[in-house]
Amino acid sequence: MSEPLVFTKARTGSSVIRRAPLLAVSPARRQALAMTLAGLGLAGPAIVFLLGLFLLPAVAVIFVALTDWQFGAVSFSFVGLDNYRELFADATFRVSLVNTAVYVLIVVPGTTLTGLAIALLIESGNSCRSFYRAIHFLPFMATITTMAIVWEALLHPTMGLVNQLFAAAGLPTANWLRNENTVLPVLGLIGIWQNLGYAMVLFLAGLKRIPQDLYDAADVDGADLWIDRLRTITLPLLGPVSVFVVIVVSLKALESFDAVKVLTQGGPGHASEVLLYTLYRESFEYLRAGYGAAIAVVLLGLVVSLTLINTLIMDRKVHYQ
Amino acid sequence: MASVSIQCISKDYGQTPVLRSVSLSIADGEFLTLLGPSGCGKSTLLRILAGLEVQDVGSISIGGRVVDGVRPKRRDIAMVFQSYALYPHMSVAANMALPLRMYRLSAFQRLPFLGRLLRGAAQITADIDMEVSRTANSLGIGHLLSRKPGQLSGGQRQRVAVGRAMVRHPAVFLLDEPLSNLDAKLRVQMRAEIKELHRRLGGTFVYVTHDQAEAMTLSDRVAVMLDGELLQVAPPQGIYSDPANRRVAEFIGSPKINMIDVVVRERGLIDVAGATLAIDSDIPTGTPLSLGIRPEALCLADHPGQGILTGSVRMVEHMGSDLFVHLDLAGADQPLIARLLAERASRIAPGQRLHLGVRADRVLLFTRDGQRLRREADLVCRCVTPLREVAG
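So the protein sequences, as listed, match chains P and V.
What the first sequence shows, in numbering that gives the first Met the number 0, is residues 0 to 320, in sequence order.
What the second sequence shows, in numbering that gives the first Met the number 0, is residues 0 to 391, in sequence order.
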């Protein structure tokens, strides 16, 4: 009895297959097409904004960097790579590049290590956690332009608290922001102070994700001193977070501008001149938009390469949880 | 190898008592299981044994040495965690080598790069590698040594966790629900492997589980815990057939033991849902009791009679070799569950009236507050006082 039934079913199935090529678009294809259209429709606004706000301006900057356009001028002419040639021959730009590198080298390790240390301290205690989190995060929330006034007062050569404390302790005092040897380290310290909270919050989130079981296992396995726990579990498992913190803080340090603008204007001499400040001065004070755009392209190159390194390292650092 | 002694351990989390004066002795080389539902305090007790938590009251000795306040690594124990707690960034070999590295290498010798140059470090490291690979081979994970935990299956991770515990030959193994993350088939297989491991290593094993089958098959003795109390410690068969009280009787056994409230009609006879059962005891007339009948203590009877329970079949569950028959009894609020041999009871259908005989020697008697009443001499010497209170 069952055999004819199976046969009938098989025939019905094959007749559907025979009819299929007659249709212009198969249902599966039509569905795929609809999905693609819906996807494009949903991503559309984001694509428009991305093009309008990021990609086209970037293309425009790269284009302007090839011209001698003066800010506000009605005409310009192509100068090819002349702007770049001038840039790398310019001593001020080279100083600015070196200063930026020094600044990044102070701020990034300083912020990462202090942020990590504070996160570990907060996580190891039980009392007042939210308070400590909040006070360390405040500088990140505050506008550096206004906070700069406080720093200026603190660092004032005669009335500043810093010098008074140093004098009281018998340490040498200085005109911190007007001395070419101290200005960059001091700006670096302010940078650390400003970004510390951000790094700390990221590290705290990373610490929360480490299962307690691992610390228990480490205790049983004999890795129960804080340095062993740190080396065996905490630091390796914070690896991905650390890479992220380093990259983000590097980007922020590369683009530091406001503290320099408000506190030192790149001085004394060019001792605190950083890339973004040079860019600002060339473009908006000297109105050399083409030249400024070339600096912007160099900066863009640095930022993009850092982001690419970030992506490459992050991809390799994924552990199971 | 070492014996373990737990004396009057109590522990509270804030206002919530987790352990209430738990005392237990575990013999050298014994396989003891702490069995109880989740939240009964069994894992906390294990963590106190390991030194990962501190008791509020009481004392722990391992191998005759009081270890209160001693750090986990100095207790000569190893632990297998429910989540395995493998270090995700380390290879299997590094995971297993870690305890040995921590014990045998000095802090300087453990330093990256530099440590290897120090005197003796290379030799110790080579010895450790050899022991790790020997242990891994004995567990059948020798080919996985270079992998990371994330690249392993659940069963393989479990073996690595066991290997990490084994590698330094601890006196006491603590296992915290090590099989609960595995699928059913693998769990049965790993159960056998753990049993074999205990036989081979001969160490003292303390095993925490909520799974009765694991407790019954693995253990020399089972300690049943409920609500932070240790209710009974006995060999698996004793826990099942001779429970200390009603809570143990109800917790052990699947399907659950049938509990029927009864009253003693006259000495030696009790009324059960319309039938009269003869019991071998001397309890005064009128005493209210609870009668515990294991599902397999019921058998099919052809016709009603003294000691035969009669009811209508509510549901039949086929389990292959056995049938579970749910029977509605007149006057009982819960159906009676009987485990019958499938070949003898194949034609039972819902709605049918069924007669079941009770094996009187398998019946368990409890007072209404859950105390076990034992027969004969036991009954007289242990239960007279509470009985009078009940009767009075």
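Beta carbons: idealized from backbone N, C-alpha and C, even for Gly.
Keep in mind that this is a model prediction, so the values were computed, not measured.
Thinking residue i and residue j are a contact (beta carbons under 8 Å), I'd like their distance in whole angstroms, please.
{"i": "V205/V", "j": "L33/V", "result": "7 Å"}
{"i": "Q305/V", "j": "T284/V", "result": "The pair is not a contact, with the Cβ atoms about 18 Å apart (cut-off 8 Å)."}
{"i": "E179/P", "j": "G268/P", "result": "6 Å"}
{"i": "S249/P", "j": "V107/P", "result": "5 Å"}
{"i": "H302/V", "j": "H354/V", "result": "6 Å"}
{"i": "S280/V", "j": "Q211/V", "result": "S280/V to Q211/V, Cβ: 28 Å. No contact."}
{"i": "I476/V", "j": "L372/V", "result": "Because chain V here runs from 0 to 391, residue 476/V falls outside it and cannot be looked at."}
{"i": "F289/P", "j": "T66/P", "result": "As written in the sequence, residue 289/P is Gly, which differs from the Phe given in the question. Contact holds; Cβ gap of about 5 Å."}
{"i": "G50/V", "j": "V66/V", "result": "7 Å"}
{"i": "A300/V", "j": "I292/V", "result": "No, A300/V and I292/V are not in contact; Cβ-Cβ is about 14 Å, not under 8 Å."}
{"i": "R367/V", "j": "S289/V", "result": "6 Å"}
{"i": "I127/V", "j": "L99/V", "result": "5 Å"}
If distances are taken between C-alpha atoms only, which option among the options comes closest to residue i?
{"i": "M95/V", "options": "D332/V, G237/V, A348/V and M165/V", "result": "M165/V"}
{"i": "G221/P", "options": "A106/V, M318/V and Q81/V", "result": "A106/V"}
{"i": "A204/P", "options": "L262/P, R132/P, V182/P and Q163/P", "result": "R132/P"}
{"i": "L340/V", "options": "A331/V, G310/V and L297/V", "result": "L297/V"}
{"i": "L295/P", "options": "V273/P, I189/P and L119/P", "result": "It is Ala, not Leu, that sits at residue 295/P in the sequence shown. Nearest option by C-alpha distance: V273/P."}
{"i": "P235/V", "options": "L308/V, G68/V, L104/V and F30/V", "result": "F30/V"}
{"i": "L328/V", "options": "L48/V, A248/V, I259/V and T208/V", "result": "I259/V"}
{"i": "L213/P", "options": "S82/V, R343/V and L288/V", "result": "S82/V"}
{"i": "A258/P", "options": "Q193/P, E281/P and T110/P", "result": "Q193/P"}
{"i": "A348/V", "options": "R313/V, L363/V, D360/V and R246/V", "result": "R313/V"}
{"i": "G13/V", "options": "Q54/V, V3/V, K255/V and A337/V", "result": "Q54/V"}
{"i": "L104/V", "options": "L176/P, T35/P, L119/P and D227/P", "result": "D227/P"}
{"i": "T157/P", "options": "V245/P, A37/P, N174/P and Y276/P", "result": "N174/P"}
{"i": "L176/P", "options": "E122/P, T263/P, T110/P and V161/P", "result": "T263/P"}
{"i": "D226/V", "options": "D27/V, S4/V, S37/V and S2/V", "result": "S37/V"}
{"i": "A337/V", "options": "S320/V, E295/V and S345/V", "result": "E295/V"}
{"i": "F80/V", "options": "L173/V, G139/V and P169/V", "result": "L173/V"}
According to DSSP, is residue i part of a helix, a strand, or is it coil?
{"i": "P242/V", "result": "coil"}
{"i": "G304/V", "result": "coil"}
{"i": "I251/V", "result": "coil"}
{"i": "S434/V", "result": "Residue numbering for chain V in the displayed model covers 0 to 391; residue 434/V lies beyond these limits and cannot be assessed."}
{"i": "A72/P", "result": "coil"}
{"i": "A274/V", "result": "strand"}
{"i": "D279/V", "result": "coil"}
{"i": "F365/V", "result": "strand"}
{"i": "E2/P", "result": "Below a pLDDT of 50, predicted positions are generally treated as unreliable, and E2/P, at 40, falls in that range; no measurement from the model is reported."}
{"i": "S14/P", "result": "Legend: pLDDT at S14/P = 44, less than 50; position of this residue unreliable, value from coordinates given subsequently. Note: S14/P maps to helix in three-state DSSP."}
{"i": "Q354/V", "result": "The amino acid occupying residue 354/V in the given sequence is His; Gln does not appear at that position. H354/V: strand per DSSP, three-state reduction."}
{"i": "H197/V", "result": "helix"}
{"i": "K10/V", "result": "strand"}
{"i": "A42/P", "result": "helix"}
{"i": "S2/V", "result": "coil"}
{"i": "I292/V", "result": "strand"}
{"i": "P184/P", "result": "helix"}
{"i": "F130/P", "result": "helix"}
{"i": "D327/V", "result": "strand"}
{"i": "L301/P", "result": "helix"}
{"i": "R228/P", "result": "helix"}
{"i": "A51/P", "result": "As written in the sequence, residue 51/P is Gly, which differs from the Ala given in the question. G51/P: helix per DSSP, three-state reduction."}
{"i": "M224/V", "result": "strand"}
{"i": "Q370/V", "result": "strand"}
{"i": "P36/V", "result": "coil"}
message = Under 9 Å, CB to CB, which of the residues in the region 216-232 of chain P have a partner in chain V?
response = Those would be A216, A217, D218, V219, D220, G221, A222, D223, L224, I226, D227, R230, T231 and I232, in chain order.
Q. Do the region 191-205 of chain P and the region 122-140 of chain P touch if we need at least three Cβ pairs shorter than 8 Å?
A. Because the criterion of three Cβ pairs below 8 Å is met, the region 191-205 of chain P and the region 122-140 of chain P touch.
* Asked: So, do the region 144-159 of chain V and the region 179-198 of chain V have three or more beta carbon pairs nearer to each other than 8 Å?
  -> At 8 Å Cβ cutoff, the stretches touch.
Margin query: For the region 36-45 of chain V against the region 17-27 of chain V, do three or more pairs of beta-carbon atoms, one drawn from each stretch, fall closer than 8 Å, so that the two count as touching?
Written below: Yes: the two stretches touch, three or more of their Cβ pairs being nearer than 8 Å.
| request: Quick one: which residues of the region 100-112 of chain V get their C-beta closer than 7 Å to a C-beta of chain P? List them in chain order. | output: Those would be M101 and Y102, in chain order.
Check your understanding: If contact means a Cβ-Cβ distance below 8 Å, which residues of the region 60-79 of chain V contact chain P?
Key -> Taking 8 Å as the Cβ-Cβ cut-off against chain P, the residues of the region 60-79 of chain V that qualify are R70, P71, K72, I76, A77 and M78.
Using 8 Å as the cut-off, can you tell me whether the region 86-95 of chain V makes contact with the region 190-201 of chain V, which would need three or more C-beta pairs spanning the two stretches below that distance?
Proximity of the region 86-95 of chain V to the region 190-201 of chain V falls short of the contact definition, fewer than three beta-carbon pairs being nearer than 8 Å.
inquiry  = I want to know whether the region 21-28 of chain V touches the region 2-9 of chain V - three or more CB-CB distances under 8 Å.
reply    = With the cut-off at 8 Å, the region 21-28 of chain V and the region 2-9 of chain V touch.
TODO: Could you name the residues of the region 31-57 of chain P whose beta carbon sits closer than 9 Å to any beta carbon of chain V, in the order they occur along the chain?
DONE: Shown here is that no member of the region 31-57 of chain P has a Cβ falling below 9 Å from a Cβ of chain V.
Next on the checklist: Whether or not the region 59-73 of chain P and the region 144-151 of chain P are in contact is what I'm after, with contact meaning three or more pairs of Cβ atoms, one per stretch, closer than 8 Å; do they touch?
Outcome noted: The region 144-151 of chain P and the region 59-73 of chain P do not touch, with fewer than 3 CB-CB distances between them shorter than 8 Å.
- Task: Would you list, in chain order, the members of the region 236-249 of chain P that have their beta-carbon closer than 9 Å to a beta-carbon of chain V?
- Result: Those residues of the region 236-249 of chain P that come within reach of chain V (Cβ to Cβ, closer than 9 Å) are L236 and G238.
Using 8 Å as the cut-off, can you tell me whether the region 249-258 of chain P makes contact with the region 86-105 of chain P, which would need three or more C-beta pairs spanning the two stretches below that distance? Yes: the two stretches touch, three or more of their Cβ pairs being nearer than 8 Å.
* To do: State whether the region 76-86 of chain P contacts the region 293-309 of chain P, with contact taken as three or more CB pairs (one from each stretch) at a distance under 8 Å.
  => Yes, the region 76-86 of chain P touches the region 293-309 of chain P.
- Message: Please list, in chain order, the residues of the region 99-111 of chain P that have any C-beta partner in chain V closer than 9 Å.
- Response: Listed by position, the residues of the region 99-111 of chain P near chain V (Cβ gap below 9 Å) amount to none.
Are the region 208-224 of chain P and the region 73-86 of chain V touching, with three or more C-beta to C-beta distances below 8 Å? Enough Cβ pairs lie closer than 8 Å, so yes.
The region 184-212 of chain P: positions lying closer than 8 Å to chain V by Cβ: Answer set for the region 184-212 of chain P: P210 and D212.
Using a Cβ-Cβ cutoff of 7 Å, what residues of the region 85-99 of chain V are near chain P? List them in chain order.
Residues Y86, P87, H88, L97 and P98.
Interface residues of the region 27-55 of chain V facing chain P [CB-CB below 7 Å]:
Per Cβ criterion, the list reads A49 and L51.
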